[in-house]
Amino acid sequence: ETGVTQTPRHLVMGMTNKKSLKCEQHLGHNAMYWYKQSAKKPLELMFVYSLEERVENNSVPSRFSPECPNSSHLFLHLHTLQPEDSALYLCASSQGRTGVNEQFFGPGTRLTVL
Amino acid sequence: QKEVEQDPGPLSVPEGAIVSLNCTYSNSAFQYFMWYRQYSRKGPELLMYTYSSGNKEDGRFTAQVDKSSKYISLFIRDSQPSDSATYLCATNLLSGGYNKLIFGAGTRLAVHP
Chain U
1064 ETGVTQTPRH LVMGMTNKKS LKCEQHLGHN AMYWYKQSAK KPLELMFVYS
1114 LEERVENNSV PSRFSPECPN SSHLFLHLHT LQPEDSALYL CASSQGRTGV
1164 NEQFFGPGTR LTVL
Chain G
4 QKEVEQDPGP LSVPEGAIVS LNCTYSNSAF QYFMWYRQYS RKGPELLMYT
54 YSSGNKEDGR FTAQVDKSSK YISLFIRDSQ PSDSATYLCA TNLLSGGYNK
104 LIFGAGTRLA VHP
């Protein structure tokens, strides 16, 4: 285990539903990330929180809404999603802002939008 | 042009083969070059990294960076079925006061007995 947990592991939702993804890190890190992973495409960085402050919002549609209540927890709130949003959503955490910036990933939430 | 290009494969090799995985990148400002390994139903995990040009060896794995040609390689010697996974190259860029990772698409590797 990497010390980063994600729930749920699988989620199927309709386009009109509202759901939330949860991430928790037990590593004492000060930065947390949301990525989208689609088949045969690079990991797409969605959001970055550093010291609980959002420092990156990578042109993500407003139907994705992140929340970071403290340095250990990260949420991704979902509403009125589209079928093309179906993907693996990965959470990661890291410590520090310089150097190699090793990121530790959770196992991901496999999201299917019907 | 993508910042990091990687052939998605799949690549299938027999056990014991030498595997070569490669990426190219476009920005000469990149400094750290990483290889992540992702098993099925798991998140990526850092396998090894190099700083600037040169080689780095760790057991059966060797990472190589050629900054003059903007080329990143990972070699796996004596490949094992347990090496079957998707390998993602990545590099970093200091942006907005934090360290941003940029990933390739990943190459799926299958090592068959």
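Chains U and G, in that order, are what the protein sequence lines are.
With my numbering applied, the first sequence covers 1064 to 1177.
With my numbering applied, the second sequence covers 4 to 116.
Glycine included, every Cβ here is placed at the ideal spot set by N, Cα and C.
Cutoff 6 Å; reference residue i; Cβ partners in own chain excluding five residues on either side
i	result
P111 of chain G	In the sequence on display, residue 111 of chain G carries Arg and not Pro. For R111 of chain G, where only same-chain residues beyond five positions count, the Cβ hits under 6 Å are G12, P13 and T89.
N102 of chain G	N95
L24 of chain G	L77, Y90 and T110
I75 of chain G	C26, F36, V68 and C92
E1130 of chain U	F1138
R1173 of chain U	H1073 and L1151
Contacts around residue i, its chain only, beta-carbon distance under 7 Å, and the 5 residues preceding and following it disregarded
i	result
F1127 of chain U	M1109, L1139 and L1141
S87 of chain G	L112, A113 and V114
K1082 of chain U	L1074, M1076 and L1141
E1087 of chain U	T1068, S1135 and H1136
G1066 of chain U	Q1088, H1089, L1090 and F1167
Q9 of chain G	C26, C92, G107, A108, G109 and T110
R80 of chain G	I21 and R63
Best match in the options for proximity to residue i [C-alpha to C-alpha]
i	options	result
P1124 of chain U	U:R1117, U:L1114, U:D1148 and U:H1073	U:D1148
K1085 of chain U	U:L1114, U:P1071 and U:Y1096	U:P1071
T1175 of chain U	U:N1121, U:Q1069, U:V1067 and U:M1076	U:M1076
Q34 of chain G	G:P116, G:G107, G:G109 and G:A93	G:A93
M51 of chain G	G:K45, G:Q41, G:R44 and G:A66	G:A66
H1069 of chain U	G:G109, G:N25, G:K45 and G:V16	Looking at the sequence itself, residue 1069 of chain U is Gln, so the reference to His does not match. Measuring from the Cα of Q1069 of chain U, the nearest candidate turns out to be G:K45.
L1090 of chain U	U:R1173, U:F1168 and U:T1172	U:F1168
N1120 of chain U	G:S98, G:S43, G:E8 and G:Q9	G:S98
S1101 of chain U	U:S1122, U:T1143, U:G1171 and U:A1150	U:A1150
W1097 of chain U	U:A1155, U:P1170 and U:R1173	U:A1155
L104 of chain G	G:S15, G:P47 and G:V16	G:P47
Exposure of residue i, with buried meaning 16 or more beta-carbon neighbours within 10 Å
i	result
Y54 of chain G	exposed
I21 of chain G	exposed
E1116 of chain U	exposed
M1095 of chain U	buried
S1113 of chain U	buried
G62 of chain G	exposed
G57 of chain G	exposed
S43 of chain G	exposed
S1122 of chain U	exposed
R40 of chain G	buried
Cut-off 8 Å between Cβ atoms - residues of its own chain near residue i, not counting five sequence neighbours on either side
i	result
E18 of chain G	S82, Q83, P84, V114, H115 and P116
Q1145 of chain U	M1078, R1126 and V1176
N1133 of chain U	E1115
Cβ separation of residue i and residue j, assumed to be a contact under 8 Å, to the nearest whole Å
i	j	result
A32 of chain G	K1104 of chain U	A32 of chain G to K1104 of chain U, Cβ: 23 Å. No contact.
V1163 of chain U	M37 of chain G	7 Å
L49 of chain G	E1165 of chain U	5 Å
T27 of chain G	K73 of chain G	6 Å
N1093 of chain U	Q1158 of chain U	6 Å
Proximity test, residue i beta-carbon vs the ligand ADP heavy atom, cut-off 7 Å
i	result
K1082 of chain U	As for the ligand ADP, it is missing from this structure, which has no ligand bound.
Closer than 8 Å to chain A by CB, residue i
i	result
P13 of chain G	Going by chain labels, chain A is absent from the structure shown, which instead holds the protein chains U and G.
Identify each residue in the stretch 1130 to 1144 of chain U for which the Cβ-Cβ distance to at least one residue of chain G is less than 9 Å, and report them in chain order. Using a CB distance below 9 Å, no part of the stretch 1130 to 1144 of chain U faces chain G.
Using a Cβ-Cβ cutoff of 9 Å, what residues of the stretch 81 to 110 of chain G are near chain U? List them in chain order. L91, A93, N95, L97, S98, G99, G100, Y101, N102, K103, L104, I105, F106, G107, A108 and G109
What residues in the stretch 1152 to 1171 of chain U bring their beta carbon closer than 9 Å to a beta carbon of chain G? L1153, C1154, A1155, S1157, G1159, R1160, T1161, G1162, V1163, N1164, E1165, Q1166, F1167, F1168, G1169, P1170 and G1171
Given a limit of 9 Å on CB to CB distance, which residues of the stretch 1069 to 1103 of chain U reach chain G? Q1069, R1072, A1094, Y1096, Y1098, Q1100, A1102 and K1103
Residues within the stretch 35 to 58 of chain G neighbouring chain U, beta-carbon criterion of under 9 Å: Y35, M37, Y39, Q41, R44, K45, G46, P47, E48, L49, Y52 and Y54
For the stretch 1108 to 1124 of chain U, which residues have a beta carbon sitting closer than 8 Å to at least one beta carbon of chain G? L1108, V1111, S1113, V1118 and E1119
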